[in-house]
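Student: Take this structure, written in structure tokens, and hold onto it; I'll ask about it next.
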Amino acid sequence: MRVSIVGGGPSGLYLAILLRKAGHDVSVVERNAPDATFGWGVVFSEETLGSLRDADYPTYLEITDSFARWTSIDIHYRDTVLRSSGHTFSAIKRTHLLDILQRRARSLGASLTFHQEVTSLDRDADLVVAADGSNSTLRRAAGFDTSLTPQGCKYVWFGTDLVLDAFTFVFKETEHGLFQVHAYPFDEHTSTWIVETTEATWQRAGLDTMSEEDSLAFCRSLFADALDGHQLMSNKSIWLDFPLVRNEHWHRGNVVLIGDAAHTAHFSIGSGTKLAMEDAIALAGALERYPVEKALVDYELERQPVVERFQQAAGDSAAYFGRVASHLSLAPIQFAANLLTRSGRISHANLMQRDPKFMRVLDAWFTASATETPMVPGAVAPPPMFAPLRVGGLTARNRVVRATPVERLADAARAGAGLVMTGFVAVADDGRTTPACPVLDDLWAPVVKDVHDTGALVGVRLGHAGRRGATRPTGSVDVPLRDGWPLLSASPLPYTPFSAVPAEMSEADMTRVRDDFVAAAGRAREAGFDALELDIADGYLLASFLSPLTNRRDDVYGAEPLRFPLSVVDAVREACPGLLIARLTITDWARGGTTVEQGIDHARALAAHGVDLIHVRAGHTTATSRPEYRRGYLTTLSDRVRNEAGVPTLVGGYLTTPDEVNTVVAAGRADLCLFDPWPSPLEEVVS
Amino acid sequence: MKVGVGLPNTIPGISGEVLVEWARQVDTGPFGTLGVLDRLVYDSIEPFAALSAAAAVTSRVRLATNIAIGPLRSPALLAKHALSVDALSGGRFTLGLGVGARRDDYEAAGVARNTRGAALSEQLAYLRGQLDSSGIGPARPGIELLVGGSSGAAFTRMARYADGYAHGGGPPRAFGAAANRARAAWRDLERPGEPTLWGQGYFAFGDPDGGSAYLRDYYAFTGPFAEKIAAGNLTSARAVRDFVRGYEAEGCDELILYPTTASLDDLARLAEAVS
Chain A
3 MRVSIVGGGP SGLYLAILLR KAGHDVSVVE RNAPDATFGW GVVFSEETLG SLRDADYPTY
63 LEITDSFARW TSIDIHYRDT VLRSSGHTFS AIKRTHLLDI LQRRARSLGA SLTFHQEVTS
123 LDRDADLVVA ADGSNSTLRR AAGFDTSLTP QGCKYVWFGT DLVLDAFTFV FKETEHGLFQ
183 VHAYPFDEHT STWIVETTEA TWQRAGLDTM SEEDSLAFCR SLFADALDGH QLMSNKSIWL
243 DFPLVRNEHW HRGNVVLIGD AAHTAHFSIG SGTKLAMEDA IALAGALERY PVEKALVDYE
303 LERQPVVERF QQAAGDSAAY FGRVASHLSL APIQFAANLL TRSGRISHAN LMQRDPKFMR
363 VLDAWFTASA TETPMVPGAV APPPMFAPLR VGGLTARNRV VRATPVERLA DAARAGAGLV
423 MTGFVAVADD GRTTPACPVL DDLWAPVVKD VHDTGALVGV RLGHAGRRGA TRPTGSVDVP
483 LRDGWPLLSA SPLPYTPFSA VPAEMSEADM TRVRDDFVAA AGRAREAGFD ALELDIADGY
543 LLASFLSPLT NRRDDVYGAE PLRFPLSVVD AVREACPGLL IARLTITDWA RGGTTVEQGI
603 DHARALAAHG VDLIHVRAGH TTATSRPEYR RGYLTTLSDR VRNEAGVPTL VGGYLTTPDE
663 VNTVVAAGRA DLCLFDPWPS PLEEVVS
Chain B
792 MKVGVGLPNT IPGISGEVLV EWARQVDTGP FGTLGVLDRL VYDSIEPFAA LSAAAAVTSR
852 VRLATNIAIG PLRSPALLAK HALSVDALSG GRFTLGLGVG ARRDDYEAAG VARNTRGAAL
912 SEQLAYLRGQ LDSSGIGPAR PGIELLVGGS SGAAFTRMAR YADGYAHGGG PPRAFGAAAN
972 RARAAWRDLE RPGEPTLWGQ GYFAFGDPDG GSAYLRDYYA FTGPFAEKIA AGNLTSARAV
1032 RDFVRGYEAE GCDELILYPT TASLDDLARL AEAVS
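Chains as they are written, first to last, in our numbering: chain A, 3 to 689; chain B, 792 to 1066.
In structure tokens:
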């Protein structure tokens, strides 16, 4: 078979090697010179190396002989450097890697042509491979439906003669904003030194209009301490946007995409070259098993799911660096824990395996900080989920929250939760969701006592269903009753097309509902509930005031969406001391609805009015909201509320394992987690 | 997990005789459910008609649309079909609904495609609500309802109205990811318990090339994606068993395997492979 590979980067050359070994006729065409240098060193993770060894042993030997290898991550934050170890990194100078691959490809008989631009598909070959990078010309010529969007911060790729012995992050505050460095060694003389900052900070610092020389000088002086007298070197180093490349399909006819031409993953997880070379291995493998057409399908089926997972993690990592400035109030070790777990690929348990020393200190620090006691050298502590939490004048024995119908509250407490919460309890009959919805009558005291006997705290979630009221109790949600009661909302808009139209609340309605909340809160306190949770979420009555989608009023309550909900908070706060939680919609996940920034402002306002803890919710303001469900899908919102509004948070979002809870609370993304463990048949076996 | 099998109602040229004989053989075991797919602009048998025929010659096996394209029918007409099949089968019917993916089905039905999500939500609300006071019979107690789809809106719709989730097919890991999203949505809407999770796959033993050609044709509207679906056709007993194991490990409750050739031989071989 004749194969024409366009692009002489790592993926193209490696594929040439593998296909020559399989006896194919291979030519590689590259637009640049053989020794053109773009960037500095490239990083690999351990699992790639095994596949390189199996795919081509001679290049594996040569590559690994040239590797810089290290196991630590250094985090320069405030005036400290924190080191975490037990990781596995290796890196190589990019031009050296290309040299190894070029020599091997040539010795195997591949034809390599440089300085030649390919713009047309008219290649005399059975298979045409687009390995020409994120901005692939060939991909465009072949008519692939590519999405190419900038991702994350502005960044610039420098080199330095400071030889690092760790993957090094440097966080540096300036009067313009925060800058961070991602740096790593790649040979015995040089390290890669990437500087990154948000576009806003970049502009404030005037970098948008600076020459290459001035920007180098700026960065050199900014990081003078960390560079420790060493050089910062430019190599056509200009500030860039990271191009996020996605392709729904990776082949069309006999043209196939590999490496950056097919997909990119943000540099902050350092996997671009790894994914590119793995593509080459997968494609060569498929061509060995199948004829071209079937092989291309097989290659795509094998690689797409892997790449999607990396792109998800890389997207989370890129977003983290975009908002890391909000983490500057975190203590150094918690800041480090948040950084190390940013992409979702590494959890508390993974770190426990990699670096038990670091994790012993993290866990000990966490408990010491939670109990406001000094840290003692050599201290051991339980995992973070079992650290107590002091909030609103009370102490929860741990970070686990369970929400459950009233009849199972005591069981949830016995199952180990620190705080158990009721489901929705209506403040008045007309505020019920369904006829079966509980109200705050006087039957709760015995339940509360049962929970207290276990040592847990117990809270009640008080709400008024608003336009989501008067629905059928079982088998569905939001299906209206045949004969419901009148509904109230900020504006007269039905929740679903079949829902009853609510009345727009009058001042008199507001007074009555506020009184209902105060009266119910008082009864809750009398029954012994430790925590009151006001439901200002999910499109219920109080939440309906906060969203432009549901509050269309032209009075003062339209102009000041927080006015009525805050008046309820104030009234309850005044009447009832103790732990006050607000269950709050941070974003509507709907066009034209509350944005995350507005939701964080709402959280800030509630905290200023005496709310002790925000229970982070999102979506359901309207029935047509579009949540992006996955494990921990609310965690990032909670991180933002906690660190940007500076208020403790409780978060759910389908957290099903203790490891997820440990990771969330250790990293300071939330203070409490709503935990949904999967039931296990083992429980019956062992009990 | 229970394993079910599809009725070959969307295989072009299928005869009533083979369809009915297929249903009769499935009823003897070991399959739990007989599923049907739905296409309008194609040489296929209408799903409710196919299940009515199956109901007449079976007494044990459950009957399911997996899925039917809800918005192609008016809510009342859809309800009438569903109630009828449930009555004909003595309560063995499961109604799986989705929006489908084909433009031409909507054009042919004269139904707006750009509001299909809202239309499906409205249908589901109708089935769960107004239907009981509509005068449309036969009255049937609680038909099991599944919803398919892969968007956040689809998962919310499923958790709001349905009893479970119908996945559209793919390798076990893709099912597992969707199952987690379905469970997360279920919790998010504060539904008690867990959603029932349905998966699906394709098989052909005697004529795998014919089966894959059918899949390429059936899914031609998806463009190059059709090749990937065809590549997932299970063509050996071993592939079927691996697939079944994979789905079971991901927490699937009902896995329906659809034939890609209308071969009764294949049906017998599938029964052997899964029992």
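Just so it is clear, CB atoms sit at the ideal spot from N, CA and C, and this is done for glycine as well.
(1) Mind checking whether alanine 1 (chain A) and valine 462 (chain A) have CB atoms under 8 angstroms apart?
(2) Leaving out five residues on either side along the sequence, give the residues of the same chain with a beta carbon under 8 angstroms from the beta carbon of serine 1 (chain A).
(3) Can you name the start and end residues of the alpha helix (DSSP H) that aspartate 818 (chain B) belongs to?
(4) Report buried or exposed for proline 683 (chain A), applying the criterion of at least 16 other Cβ atoms within 10 angstroms of its Cβ.
(5) Could you tell me the alpha carbon to alpha carbon distance between aspartate 923 (chain B) and leucine 886 (chain B), rounded to whole angstroms?
(6) Below 7 angstroms CB to CB, which residues in the same chain sit around threonine 498 (chain A) once its five sequence neighbours on both sides are set aside?
(7) So, glutamine 914 (chain B) versus glycine 861 (chain B), is the Cβ gap smaller than 8 angstroms?
(8) What first and last residue would you give for the alpha helix (DSSP H) that runs through histidine 604 (chain A)?
(9) Where do the ends of the alpha helix (DSSP H) carrying leucine 164 (chain A) lie?
(10) For the segment 279 to 325 of chain A, list the beta strand (DSSP E) runs that are entirely contained and at least 3 residues long, ordered along the chain.
(11) Tell me, please, whether the CB atom of tyrosine 635 (chain A) is closer than 8 angstroms to any CB atom in chain B?
(12) Got a sec? Which residues, its chain only, sit under 6 angstroms from glycine 433 (chain A) by beta carbon, not counting five neighbours each side?
(13) Considering only the alpha carbon of each residue, which of A:Glu506, A:Asn137, A:Arg347, A:Gly208 lies closest to tyrosine 559 (chain A)?
(14) If you draw a straight line from the alpha carbon of threonine 476 (chain A) to that of alanine 1062 (chain B), how long is it in whole angstroms?
(15) Step through the CB atoms of chain B and report whether any lies within less than 8 angstroms of the CB of threonine 498 (chain A).
(16) Ordered along the chain, which non-local residues of its own chain (more than five positions away) have a Cβ less than 6 angstroms from that of asparagine 645 (chain A)?
(17) If the criterion is Cβ atoms closer than 8 angstroms, does the pair leucine 636 (chain A) and glycine 648 (chain A) meet it?
(18) Please return the same chain residues whose Cβ sits closer than 7 angstroms to the Cβ of proline 376 (chain A), not counting the five positions on each side in sequence.
(19) For arginine 254 (chain A) and chain B, any beta-carbon pair shorter than 8 angstroms?
(20) Spell out whether any CB of chain A is found under 8 angstroms from the CB atom of leucine 980 (chain B).
(21) At least one CB of chain B closer than 8 angstroms to the CB of glutamate 290 (chain A): is that the case?
(22) Just to confirm the assignment: which complete beta strand (DSSP E) runs, minimum length 3, are found wholly within the segment 210 to 268 of chain A?
(23) How many Å lie between arginine 978 (chain B) and alanine 847 (chain B) at the Cα?
(24) Between glycine 425 (chain A) and chain B, is the shortest Cβ-Cβ distance under 8 angstroms, so that the two count as touching?
(25) If contact means a Cβ-Cβ distance below 9 angstroms, which residues of the segment 1004 to 1020 of chain B contact chain A?
(26) Beta strand (DSSP E) containing tryptophan 195 (chain A): first to last residue?
(27) To which residues of the same chain is arginine 55 (chain A) closer than 6 angstroms at the C-beta, ignoring the five residues directly before and after it?
(28) Might you give, ordered along the chain, the residues of its own chain that have their beta carbon closer than 6 angstroms to the beta carbon of leucine 298 (chain A), omitting 5 neighbours on each side?
(29) Give a yes or no on whether the C-beta atoms belonging to methionine 792 (chain B) and aspartate 1044 (chain B) are separated by under 8 angstroms.
(30) For threonine 638 (chain A), does the count of other Cβ atoms within 10 angstroms reach 16, so buried, or fall short, so exposed?
(31) Within the chosen definition, does the segment 613 to 622 of chain A reach the segment 529 to 546 of chain A through at least 3 CB pairs nearer than 8 angstroms?
(32) How is the beta strand (DSSP E) around isoleucine 75 (chain A) delimited, first residue to last?
(33) On the three-state DSSP scale, how would you describe isoleucine 802 (chain B)?
(34) For glutamate 1018 (chain B), does the count of other Cβ atoms within 10 angstroms reach 16, so buried, or fall short, so exposed?
(35) Using a Cβ-Cβ cut-off of 6 angstroms (strictly less than) and excluding sequence neighbours within five positions of isoleucine 858 (chain B), which residues of its own chain qualify?
(36) Got a sec: is the Cβ-Cβ distance from tyrosine 952 (chain B) to anything in chain A below 8 angstroms?
Tutor: Short version:
(1) Residue 1 (chain A) lies beyond the range of chain A shown here (3 to 689); nothing can be said about it.
(2) This structure does not reach residue 1 (chain A), given that chain A is present from 3 up to 689, and the question cannot be answered.
(3) Taken as a continuous stretch (DSSP letters only), the alpha helix (DSSP H) holding aspartate 818 (chain B) covers 807 to 818.
(4) For proline 683 (chain A), the number of other beta carbons within 10 angstroms of its own is below 16, and it is reported as exposed.
(5) The straight-line gap from Cα to Cα measures roughly 16 angstroms.
(6) Within the same chain, threonine 498 (chain A) has close Cβ partners Asp480, Ala625.
(7) Yes, the Cβ-Cβ distance between glutamine 914 (chain B) and glycine 861 (chain B) is below 8 angstroms.
(8) Judged by DSSP secondary structure, histidine 604 (chain A) falls within the alpha helix (DSSP H) whose first and last residues are 598 to 610.
(9) Looking at the DSSP string, leucine 164 (chain A) is not in any alpha helix (DSSP H), and its letter there is neither H nor E.
(10) Every candidate beta strand (DSSP E) stretch fails here, since none sits fully inside the segment 279 to 325 of chain A while reaching 3 residues.
(11) Judged by the 8 angstroms Cβ criterion, tyrosine 635 (chain A) is in contact with chain B.
(12) Counting only Cβ-Cβ distances below 6 angstroms, and skipping sequence neighbours, we find His466, Ala467.
(13) Of the candidates A:Glu506, A:Asn137, A:Arg347, A:Gly208, A:Glu506 places its Cα closest to the Cα of tyrosine 559 (chain A).
(14) Between the alpha carbons of threonine 476 (chain A) and alanine 1062 (chain B) lies a distance of about 37 angstroms.
(15) Residue contact check for threonine 498 (chain A) against chain B: a CB pair falls below 8 angstroms.
(16) So the qualifying residues of the chain are Ser328, His329.
(17) Glycine 648 (chain A) sits away from leucine 636 (chain A), with the two beta carbons spaced by 8 angstroms or more.
(18) Excluding sequence neighbours, proline 376 (chain A) sits near Ala370.
(19) Yes - at least one Cβ of chain B is within 8 angstroms of the one on arginine 254 (chain A).
(20) With its beta carbon less than 8 angstroms from one in chain A, leucine 980 (chain B) belongs to the interface.
(21) So no, glutamate 290 (chain A) is outside the interface.
(22) For secondary structure counted as the beta strand (DSSP E) over 3 or more consecutive residues, the segment 210 to 268 of chain A holds these complete runs in sequence order: 242 to 249, 257 to 259.
(23) About 39 angstroms.
(24) Using a CB distance cut-off of 8 angstroms, glycine 425 (chain A) counts as an interface residue toward chain B.
(25) Cβ contacts with chain A: Gly1014, Pro1015, Phe1016, Glu1018, Lys1019.
(26) Counted as a single uninterrupted DSSP element, the beta strand (DSSP E) harbouring tryptophan 195 (chain A) occupies residues 193 to 199.
(27) Cβ neighbours of arginine 55 (chain A) beyond the five flanking positions: Tyr62.
(28) Counting only Cβ-Cβ distances below 6 angstroms, and skipping sequence neighbours, we find His253, Val258.
(29) Methionine 792 (chain B) places its beta carbon less than 8 angstroms from that of aspartate 1044 (chain B).
(30) Classification of threonine 638 (chain A): buried, given that the 10 Å Cβ count is 16 or more.
(31) Short answer: they touch.
(32) Taken as a continuous stretch (DSSP letters only), the beta strand (DSSP E) holding isoleucine 75 (chain A) covers 75 to 79.
(33) DSSP places isoleucine 802 (chain B) in coil when its eight states are reduced to three.
(34) Buried, by the Cβ-count rule.
(35) Cβ within range, chain order: Gly887, Leu888, Gly889, Gly939, Ala957.
(36) At least one chain A Cβ lies under 8 angstroms of tyrosine 952 (chain B).
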